Amino acid sequence: MASLVFLAGRTLGRSRARTALVLLGLAVTGALLLDMTMLAHGLETSLGAVLGRIGFAIRVLPKGSLPFAGDEEIPGADELAAAIARQPGVTAAVPVAATNVYVAHGGARFPSFVLAVPGGGTGAYALLEGKDLPADPAADGAGMPAVVINPLMARQNGVRVGDTVVLSAVPSRGLAPLAAPRAFRVAGIADFYVDLAAQRSLSIATADLRALQGRETGAASMILVRLSDPARAGTLTRWIAAHDPRVDALSSADFLARLATRLTYFNQFSLILGSLSVAVSFLLITAIVTLSVAERLGEIAMLRAVGFTRARIAALVVLEGAVLGMASVPGTFVLGLVIARYLDAILRQAPGLPLDLHFFVLTPAAAARTVALLTATGAVAGVYPAAVASRTAVAATLHAEVLS
Amino acid sequence: MNRDAPVVAAAAVAKEYRTAGDTVHALRGVSLTVEAGRMVSVVGPSGCGKSTLLHLLGGVDLPTAGTVTLLGRPTHALRDAELARMRLAHVGFIFQRFFLLPMLTAEENVMLPMLEAGVPAAARRARAAALLERMGLAGRAGHRPGQLSGGEMQRVAIARSLANRPALLLADEPTGELDDATGREIVRLLRDATQDGCAVVVVTHNAELAALADLRLRMRNGVVV
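Protein chains in written order, with my numbering: chain W, 1 to 404; chain B, 405 to 629.
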């Protein structure tokens with residue numbers, strides 16, 4: 001094998017300009033392959049990372065829905081959350097409600113996403129500055145209720161910790177009566193994990209949201225469940241499903257799988273374009289290696305005369321293809337990552353996308369798959385020229401070379 | 405090595421090539437025995453079958469009729485891979501066109517058969533250095549073929565052919581592309597090879613080279629005359 005690797009490597013360096021051009025071409029097709037490999041599971045991977053950062057192992061949702069995808073709610077969510085909290089290994093079961101409100105501050109009025117939680121310390125967001133909501137808002141005697149805002153609202157609207165903002169509900173449920181606007185004290189600034197681009201977000205106590213909306217408490221958009229041992233997620237999701245058929249209990253893996261079913265077009269898109277790039281790489285390598293073999297028939301006949309077997313000659317040529325594929329990897333990654341960054345920036349301009357989500361994500365698996373595909377494509381592309389080379393008639397070729 | 409033991413023997417060897425609607429009789433019943441340490445020259449006009457005979461003796465081609473026995477084994481009875489391994493271990497080829505690999509240095513070209521034979525790296529380098537020294541090319545080991553003269557390239561090719569200490573050395577017009585002085589140097593090197601017990605068969609138009617052989621064969625129209 002050492003002699004074949006040695007010869008294959010040296011053969012590549014023989015016509016440097018030609019090899020460089022081929023590697024450039026392979027880098028272009030390889031970059032497309034890498035980007036499609038990154039795109040195929042990019043959103044799932046990106047969302048998986050966000051879910052991991054938030055830290056809740058299970059999400060309980062109205063049956064058939066995705067988080068905050070509509071107005072569906074779980075009636076009696078407080079009771080369900082309490083029942084879940086009593087299960088072994090559950091360290092928190094947090095019913096959260098999500099909707100939109102208007103915020104008035106400094107003479108301006110603007111809309112904001114609101115995430116309502118039972119109280120502070122739930123971990124539904126990460127506090128960056130100031131204080132969290134009171135752990136038990138009903139027992140808080142400070143008078144004015146508290147609100148935690150996201151950095152965008154602080155930056156764009158000049159809202160600071162200690163300021164007062166006035167919230168009013170958005171009529172979203174037909175003729176539901178609305179309560180009067182209420183003043184809130186800004187207690188802190190927090191990262192809400194899944195903020196959309198240009199989205200203002202805030203968090204208040206669920207009781208305060210219901211008061212704004214003029215509605216009874218008890219319903220929630222989702223229940224977030226934290227476990228001491230995430231490996232118990234399967235057991236608990238089965239218990240929840242059996243306990244309340246109105247809901248879906250999704251572990252992070254289930255949640256990503258459900259998302260994946262709604263993103264099949266990304267997979268199809270990347271499969272088609274990825275296959276095309278593999279096909280072009282295959283044809284490029286086959287063409288160049290076949291040409292190279294045709295130019296070297298005399299040398300190949302010499303190698304056979306010296307004692308290389310047909311199989312060794314075939315292996316040498318297949319290896320040349322594989323080495324070409326492997327040699328294109330650095331260019332593939334440089335070009336692929338630059339293009340992916342550019343395309344990701346374009347796609348992330350689409351409305352309704354959380355800031356931390358990316359379409360193109362380079363994972364070790366995506367990188368390994370791309371390297372393996374390029375190498376395998378090179379090797380398979382070497383099969384036809386390998387057959388040509390190994391069938392070289394030694395005596396006739398040597399004779400013809402002398403005559404030429 | 406027993407100097408009287410036949411290294412290669414051809415018995416009533418014939419070779420035919422079929423072309424479109426025609427059959428070319430390249431060899432017609434040639435017999436030949438070459439013992440260790442002997443040098444045989446084959447002369448004759450172009451197209452008389454000299455190179456074909458050389459290819460059959462070296463096992464890169466098989467006879468249409470008759471038998472070639474290489475180191476006691478009939479070549480037609482060996483599988484292609486066995487023949488290749490036999491060539492690697494026991495046969496050295498020298499070509500008119502040298503056929504050095506242009507992307508390798510002189511030393512690497514010499515080491516190539518040893519690399520394929522699995523000779524350890526240190527032994528490869530030592531053997532290549534010794535052969536290049538013997539060929540008067542010690543200072544050219546790191547040069548590529550494009551940086552060498554025709555005579556130097558042929559000497560590298562001879563060193564390569566001797567790398568695995570072959571029992572049989574086959575040279576096809578080794579001086580064909582060289583000037584007279586360089587040709588004489590090549591002739592001397594081939595003659596030297598027989599001192600090591602190597603059987604040498606040389607196809608040549610070079611009368612001086614042919615005259616140095618222990619046995620001189622003249623061929624015409626596929627037969628020895």
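All C-beta atoms in this analysis are idealised placements derived from N, C-alpha and C, irrespective of residue type, glycine included.
Here the structure is a predicted model, which means the values were calculated and not measured.
No Cβ of chain W is located within less than 9 angstroms of the beta carbon of B:R432. CA-CA distance, B:L458 to B:A488, rounds to 15 angstroms.
W:N100: member of the beta strand (DSSP E) spanning V90 to H105, first to last residue.
Sequence-distant Cβ neighbours of B:E556 in its own chain, meaning closer than 7 angstroms and more than five residues away, are L541 and R544.
Of all residues in the region 520 to 534 of chain B, only E520 and A521 come within less than 8 angstroms of chain W when Cβ atoms are compared, listed by chain position.
A2, S3, F6, L7, R10, T11, G13 and R14: these are the residues of the region 1 to 14 of chain W whose beta carbon lies less than 8 angstroms from some beta carbon of chain B, given in chain order. Runs of the alpha helix (DSSP H) spanning 4 or more residues and lying entirely within the region 529 to 591 of chain B occur at 554 to 565, in chain order.
Proximity of B:N625 to chain W, defined by a Cβ-Cβ separation below 9 angstroms, is not satisfied. Per DSSP, the unbroken beta strand (DSSP E) holding B:T471 starts and ends at A469 to L474. Under the 9 angstroms criterion on CB atoms, W:T309 is classed as interfacial with respect to chain B. Assigned with DSSP and collapsed to three states, W:S15 falls in coil, not helix or strand. Any Cβ of chain B closer than 9 angstroms to the Cβ of W:G298 would place that residue at the interface, and such an atom is present. Under the Cβ criterion of 9 angstroms, W:R304 is counted among the residues facing chain B. By the Cβ neighbour-count rule, W:S275 is exposed, with fewer than 16 other Cβ atoms within 10 Å of its own. Residue contact check for W:L23 against chain B: no CB pair falls below 9 angstroms.
Between B:G441 and B:Q599, the C-beta gap is smaller than 9 angstroms, which places the two residues in contact. Under the three-state reduction of DSSP, B:S435 is assigned to strand. In the DSSP assignment, B:R422 falls within the unbroken beta strand (DSSP E) covering P410 to T423. For the pair of segments examined, the region 594 to 611 of chain B was found to touch the region 429 to 446 of chain B: the number of CB pairs separated by less than 8 angstroms reaches three. For W:P88, there are no CB contacts under 7 angstroms within the same chain when 5 residues up- and downstream are skipped. Beta-bridge pairing by DSSP links B:H429 to B:E420. In the DSSP assignment, B:M443 is bridged to B:V604. B:V604 and B:L594 do touch by the CB rule: their CB atoms are close to 6 angstroms apart, below 8 angstroms. Apart from the 5 residues on each side of it in sequence, W:A31 sits with its Cβ closer than 7 angstroms to the Cβ of T332, L335, G336 and I339 in its chain, given in chain order. Contact annotation: B:L616 and B:L436 have beta-carbon atoms that are not nearer than 9 angstroms.
Out of W:I288, W:R200, W:A169 and W:G106, the CA that lies nearest to the CA of W:R18 is found in W:I288. Contact annotation for W:L398 against chain B: S455, H459, V464, F497, F499, R501, F503 and D576 [CB-CB distance below 9 angstroms, chain order]. Residues of the same chain with a CB within less than 8 angstroms of the CB of W:L51, apart from the 5 flanking positions on each side, are S252, F255 and L256 in chain order.
Each residue's CA atom was taken as its position, placing W:G121 and W:R226 some 13 angstroms apart. Chain B has a Cβ within less than 9 angstroms of the Cβ of W:E401.
Taking C-beta separations shorter than 8 angstroms and ignoring five residues to either side along the sequence, the partners of W:Q156 in its chain run R200, following chain order. Taking 9 angstroms as the cut-off, the beta carbon of W:P134 is found no closer than this to the beta carbon of W:T206. For B:M490, the enclosing alpha helix (DSSP H) stretches over residues D484 to H494. When secondary structure is reduced to three states using DSSP, W:E129 falls in the strand class. Considering only W:E72, W:G55 and W:I54, the residue with the shortest C-alpha distance to W:P62 is W:E72.
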